[in-house]
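S.K.: Take this structure first; my questions come after.
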Amino acid sequence: MAESEEQDKLLKRINELAHKNKKEGLTEAETRERERLRREYIKNFREAMRSNIEMMRIFNKEGKEVTPEKVREIQHKKGLRDD
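This is the structure:
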């Protein structure tokens with residue numbers, strides 16, 4: 001399953017539980033499920049964001065690369081750069 005599909009399913013279930021909580025409340029098991037799903041959603045989001053940032057190259061208006069050194073170092077370690 002693609003990451004975005006998995007995230008969509010997690011978010012859909014989180015929202016279902018949120019609506020149920022507003023209407024009638026959640027059982028203890030549903031409350032635990034909601035917390036587990038929220039943690040998983042945030043973990044996946046952070047991993048995707050980190051990956052996006054690590055893959056990014058930034059250029060100024062003159063066309064000179066200005067990618068932060070820390071990001072360049074990570075890119076070198078992961079074999080994403082050869083300069």
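One point on numbering: in UniProt numbering, the residue at position 3 of the sequence shown is 3, and numbering is uninterrupted.
Here a beta-carbon is modelled for each residue, glycine too, at the ideal position from N, C-alpha and C.
1) The alpha helix (DSSP H) that contains A29, what's its start and end?
2) E65 bridges to which residues according to DSSP?
3) When you compare each of E73, R57 and K12 to V66 by their alpha carbons, which one comes out closest?
4) Mapping the DSSP letters down to three states, classify R81 as helix, strand or coil.
5) Have a look at N15 and A2 and give me their C-alpha separation to the nearest angstrom.
6) Can you check whether the CB of L17 is closer than 7 Å to the CB of E30?
7) Suppose the cutoff is 8 Å on Cβ atoms and the five residues either side in sequence are ignored; what does the same chain contact list for E54 look like?
M.R.: With the structure as the only source:
1) Boundaries of the alpha helix (DSSP H) harbouring A29: E28 to M55, taken from the DSSP string.
2) DSSP output for E65 lists F59 as bridge partner(s).
3) Nearest of E73, R57 and K12 to V66, Cα basis: R57.
4) Here R81 sits in coil by DSSP.
5) Going from the Cα of N15 to the Cα of A2 covers about 20 Å.
6) In this structure, E30 lies near L17, with their beta-carbon atoms less than 7 Å apart.
7) Around E54: V71, I74, Q75, K78 and L80.
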